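Asks:
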Amino acid sequence: MARLIRIFGFAALALAVPSSAQTYTEIIREGDPLPGGTGEIITRIDNVDINSSGDWLVQVDTDAAVTDDFVVLRNGVIAWREGSSIGFTPPVGKEASYFIDAVDINDAGDFMFISPVRDVGSNFTDGYVLVRNGVTLIETDVTPCNAPGLPMGAIYTRIFEAWQNNNGQILVGGRVDIGGGVEKNILLRIEVDAMGNIVGELKLAIQGETLPGPNHVTPIEGFSFFKGRQAINDNGECIWYVDDDHTVAPGSTLSDENLYITDAAGVNALLYNEADPFPTDLAEVFDHFSTVEVDLNNSGDFVFSGFDRGPATDDSWIFKSIGGVVETIAREGDPVPASVPGTWSVSGVGFGGVVPISNRGDVLWYLDWDDPDTTIDSGLMLNDQMLLQEGVSMLSGFALESIPNEETEIAMSDDGSFVILEVVLDGPINDLDAVYILQLGFGTAYCTTAANSTGVSGELFATGSISIADNGLVLNASNLPNLAFGYVIVSRTQGFAMNPGGSAGNLCVTGSVGRAVGGVIANTGLSGSFSVTANLMAMPQPLGPVVVASGETWNFQAWHRDAVGGTPTSNFTNGLEITFL
3 MARLIRIFGF
13 AALALAVPSS
23 AQTYTEIIRE
33 GDPLPGGTGE
43 IITRIDNVDI
53 NSSGDWLVQV
63 DTDAAVTDDF
73 VVLRNGVIAW
83 REGSSIGFTP
93 PVGKEASYFI
103 DAVDINDAGD
113 FMFISPVRDV
123 GSNFTDGYVL
133 VRNGVTLIET
143 DVTPCNAPGL
153 PMGAIYTRIF
163 EAWQNNNGQI
173 LVGGRVDIGG
183 GVEKNILLRI
193 EVDAMGNIVG
203 ELKLAIQGET
213 LPGPNHVTPI
223 EGFSFFKGRQ
233 AINDNGECIW
243 YVDDDHTVAP
253 GSTLSDENLY
263 ITDAAGVNAL
273 LYNEADPFPT
283 DLAEVFDHFS
293 TVEVDLNNSG
303 DFVFSGFDRG
313 PATDDSWIFK
323 SIGGVVETIA
333 REGDPVPASV
343 PGTWSVSGVG
353 FGGVVPISNR
363 GDVLWYLDWD
373 DPDTTIDSGL
383 MLNDQMLLQE
393 GVSMLSGFAL
403 ESIPNEETEI
413 AMSDDGSFVI
423 LEVVLDGPIN
433 DLDAVYILQL
443 GFGTAYCTTA
453 ANSTGVSGEL
463 FATGSISIAD
473 NGLVLNASNL
483 PNLAFGYVIV
493 SRTQGFAMNP
503 GGSAGNLCVT
513 GSVGRAVGGV
523 IANTGLSGSF
533 SVTANLMAMP
543 QPLGPVVVAS
553 GETWNFQAWH
563 RDAVGGTPTS
573 NFTNGLEITF
583 L
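To get our numbering, take the position in the sequence shown, counting from 1, and add 2.
So, in structure tokens, the structure goes:
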């Protein structure tokens with residue numbers, strides 16, 4: 003059963019500046035029964051992913067026999083299982099082998115994974131398949147690789163990692179046999195139609211070839227096919243790592259690693275060579291790229307986590323490039339963001355195994371600082387705001403013992419509205435591994451609130467989407483009296499008026515105020531809450547509804563009826579400022 007925890011702003015974490023609401027929902031815990039009534043118990047959690055609708059994937063291990071104990075759950079239902087054909091049609095005489103890789107669910111709900119396969123009844127893996135929506139796209143040692151530039155008869159012999167976008171394109175890191183017993187690692191972008199057929203293959207890079215770029219003068223030696231070191235966006239643009247062969251003249255270990263960008267047309271361009279000046283400190287140069295983490299959003303913005311060649315006390319960086327403008331998020335040795343309690347400095351080497359960037363440009367990252375109390379010296383950050391702190395944050399009544407920082411432990415949806423994370427809780431006897439979904443509220447909460455008849459202040463937070471094109475903003479009011487009518491008001495202008503018209507609360511908007519956003523007068527029912535979906539094509543205003551434009555900032559607040567000591571009155575939630583995309 004899912005366990006719901008609401009955290010508004012950062013008050014529940016004893017942190018600094020309130021920003022927006024977050025909802026934490028526990029979906030799986032080590033020791034839980036495996037869904038489906040099998041009688042098995044979950045013994046380990048291995049891999050997670052989530053999309054912009056909140057659909058999720060979690061790979062778990064159970065106490066079943068070792069031949070069928072690995073399982074992938076999709077929204078709580080078994081979607082793949084070792085030793086079976088659940089989730090795909092195995093090759094003839096084969097079944098799923100242990101521990102799949104690259105569990106991936108996109109915004110269209112396309113479920114993709116790399117599964118090892120074995121002979122039925124065997125314990126020996128002898129091949130791999132790349133599967134999407136139950137259809138096998140690539141089977142090793144069987145499927146031909148028809149990318150232009152490869153010899154006829156080339157065959158896929160290994161699939162290491164795969165990344166999909168929302169438009170039928172998949173970035174694949176694998177290996178191909180090009181004939182004569184020669185195998186080479188390769189990075190490709192493949193196109194898939196609605197029926198699951200591969201309809202296009204584009205070679206981005208292969209071992210032994212030389213790529214464009216002033217520093218890239220020797221053949222490719224290899225790649226680093228890990229989840230956080232490559233990415234593809236919905237335009238088909240890709241960011242990826244490649245290592246040159248420094249043993250070939252004039253190669254050098256100081257300039258043999260590169261990051262590339264591939265555009266939608268499939269043209270490769272050098273982004274950074276490890277000998278380039280560091281973009282946020284031109285006095286430094288990049289260090290190695292083999293352990294960097296990167297991500298790319300639909301605007302072509304990217305995030306980079308890696309190192310310069312300076313002293314070990316300040317050589318770790320994380321920065322993002324938004325519209326070509328580079329912005330430092332954190333640097334080792336610098337003061338921690340203001341949302342972190344205390345006057346500490348950023349420490350540690352690197353910032354975790356993945357650094358997701360949303361289509362809004364928000365970056366999720368792991369922070370470690372130099373507090374001598376190492377039980378509370380790390381946090382999960384969204385931009386400069388701390389979402390969770392090791393040893394301080396409480397989930398399901400237990401203190402958070404460690405912050406997720408590995409590529410299999412955390413993922414963020416493309417739109418930035420959901421995060422799925424595997425955490426370790428400090429249980430009463432033993433540590434507890436659990437998976438939570440964090441729903442991030444949009445916008446910035448503002449304005450002083452007054453407690454309503456429940457004894458606490460009403461809360462307004464936003465979910466869904468702040469994209470004009472999506473027209474999917476949902477405004478959620480909670481901590482309200484039961485069975486009370488209410489609606490959401492809106493204005494372009496913030497204000498403050500205490501007890502307007504005899505209300506027990508504070509009005510946080512002024513100017514041209516529209517009422518009943520979404521055309522809804524709601525009732526809180528027995529939950530003490532309500533939600534309305536705003537129509538961005540018809541935002542209420544005194545002179546009639548208006549269309550919200552990209553870049554505009556609007557301010558929302560929920561009004562509701564109330565009664566204090568039997569006397570009818572009303573009250574308000576906090577104000578919520580939202581800038582639309």
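By construction, the Cβ of each residue, glycine as well, lies at the ideal position given by its N, Cα and C atoms.
Everything numeric in this text was worked out from a predicted model, so none of it was measured.
To the nearest angstrom, how far is it from the Cα of residue 77 to the Cα of residue 120?
Replies: Taking the straight line from one Cα to the other gives about 27 Å.
Asks: Less than 8 Å between C-beta atoms, sequence neighbours within five positions excluded: which residues of the same chain meet that for residue 211?
Replies: If we look at residue 211 and ignore the five residues flanking it on each side, its Cβ neighbours are 221 and 222.
Asks: Could you tell me the distance, in whole angstroms, from the CA atom of residue 465 to the CA atom of residue 171?
Replies: Taking the straight line from one Cα to the other gives about 28 Å.
Asks: Can you tell me which of 104, 421, 291 and 581 puts its alpha carbon nearest to the alpha carbon of residue 134?
Replies: Measuring from the Cα of residue 134, the nearest candidate turns out to be 104.
Asks: Indicate the three-state DSSP secondary structure (helix, strand or coil) for residue 95 in the structure shown.
Replies: Coil, per DSSP.
Asks: Measuring straight from C-alpha to C-alpha, what distance separates residue 247 and residue 140?
Replies: Cα to Cα, the separation comes out at about 29 Å.
Asks: I'd like to know if the segment 248-261 and the segment 314-329 are in contact, where contact means that at least 3 CB-CB pairs between them fall below 8 Å.
Replies: Counting Cβ pairs under 8 Å, fewer than three are found: no touch.
Asks: Compute the Euclidean distance between the alpha carbons of residue 36 and residue 53, then round it to the nearest angstrom.
Replies: Residue 36 and residue 53: Cα-Cα distance of roughly 22 Å.
Asks: Who are the near neighbours of residue 413 in its chain, counting only those whose CB is closer than 6 Å to its CB and skipping five residues on each side?
Replies: The residues are 50, 51, 52 and 422.
Asks: Apart from the five residues on each side of it in sequence, which residues of its chain come closer than 6 Å, Cβ to Cβ, to residue 336?
Replies: Hits under 6 Å: 348.
Asks: Rounded to the nearest angstrom, what separates residue 228 and residue 555 at their Cα positions?
Replies: Each residue's alpha carbon lies about 39 Å from the other.
Asks: When the Cα atoms are used, what is the spatial distance from residue 143 to residue 156?
Replies: For residue 143 and residue 156, the distance between alpha carbons rounds to 10 Å.
Asks: Go to residue 270, then tell me how far its beta strand (DSSP E) extends in each direction, as first and last residue.
Replies: Segment 270-275, the beta strand (DSSP E) holding residue 270.
Asks: Quick check: the Cα distance between residue 2 and residue 297, rounded to an integer number of angstroms?
Replies: This structure does not reach residue 2, given that the chain is present from 3 up to 583, and the question cannot be answered.
Asks: Quick one: give me the first and last residue of the beta strand (DSSP E) that residue 118 is part of.
Replies: Looking at the DSSP string, the run of the beta strand (DSSP E) that includes residue 118 is 113-121.
Asks: Taking the straight line between their C-alpha atoms, what separation do you get for residue 476 and residue 343?
Replies: Using only the alpha carbons, I get a separation of about 32 Å.
Asks: Please identify the residue among 560, 67 and 225 whose C-alpha is closest to the C-alpha of residue 536.
Replies: Selected option, being the one with the closest Cα: 560.
Asks: Please classify residue 379: is it buried, with 16 or more other beta-carbons within 10 angstroms of its beta-carbon, or exposed?
Replies: With 16 or more other Cβ atoms within 10 Å, it is buried.
Asks: So residue 355 and residue 497 are supposed to be a Cβ contact under 8 Å. How far apart are they, rounded?
Replies: Their Cβ separation, rounded to whole angstroms, is 45 Å, which puts residue 355 and residue 497 out of contact at 8 Å.
Asks: Counting only the same chain and skipping the five closest in sequence on each side, list residues whose C-beta sits under 8 Å from that of residue 567.
Replies: None.
Asks: State the beta-bridge partners of residue 347 as determined by DSSP.
Replies: Bridge partners of residue 347: 337.
Asks: Taking just the CA atoms, how far does residue 502 sit from residue 419?
Replies: Residue 419 and residue 502: Cα-Cα distance of roughly 34 Å.
Asks: Compute the Euclidean distance between the alpha carbons of residue 99 and residue 439, then round it to the nearest angstrom.
Replies: Roughly 28 Å between the two C-alpha positions.
Asks: Tell me which same chain residues have a C-beta within less than 7 Å of the C-beta of residue 583, skipping the five on either side of it?
Replies: Correct list, in chain order: 362, 468, 469, 470 and 552.
Asks: Helix or strand or just coil, what does DSSP make of residue 502?
Replies: It is helical.
Asks: Which partner residues does residue 441 have in the DSSP bridge list?
Replies: DSSP, once it has assigned bridges, lists 25 and 420 as partnering residue 441.
Asks: Residue 532: which of 520, 538 and 540 sits nearest, CA to CA?
Replies: Residue 520 is the option with its Cα nearest to residue 532.
Asks: Could you tell me whether the segment 480-489 touches the segment 423-433, using the rule of 3 or more Cβ pairs below 8 Å?
Replies: Not touching, per the Cβ criterion.
Asks: Of the choices 499, 151 and 408, whose alpha-carbon is the least far from that of residue 451?
Replies: For residue 451, the nearest C-alpha among the options comes from 499.
Asks: Taking buried to mean at least 16 other C-beta atoms within 10 Å of its own C-beta, is residue 576 buried or exposed?
Replies: Its Cβ being crowded by 16 or more others within 10 Å, residue 576 is buried.
Asks: Runs of 3 residues minimum, wholly inside the segment 28-61: which ones carry the beta strand (DSSP E) assignment?
Replies: Entirely contained in the segment 28-61, the beta strand (DSSP E) runs reaching 3 residues are, in chain order, 44-52.
Asks: Looking at the unbroken beta strand (DSSP E) that takes in residue 244, where does it start and where does it end?
Replies: Start and end: 240-246.
Asks: When you compare only the Cα positions, how much space is there between residue 599 and residue 45?
Replies: The structure shown does not extend to residue 599, since the chain spans only 3 to 583, so no value can be given for it.
Asks: Are the beta-carbon atoms of residue 190 and residue 204 separated by less than 8 Å?
Replies: Yes; because the gap between Cβ atoms is below 8 Å, this pair is in contact.
Asks: If you count every other CB in all the chains shown that lies within 10 Å of the CB of residue 199, and 16 or more means buried, which is it?
Replies: The residue is exposed, with fewer than 16 neighbouring Cβ atoms inside 10 Å.
Asks: Please report the Cβ distance between residue 393 and residue 402, rounded to the nearest whole angstrom; I am assuming they are in contact, meaning their Cβ atoms lie under 8 Å.
Replies: So it is a contact: roughly 7 Å between Cβ atoms.
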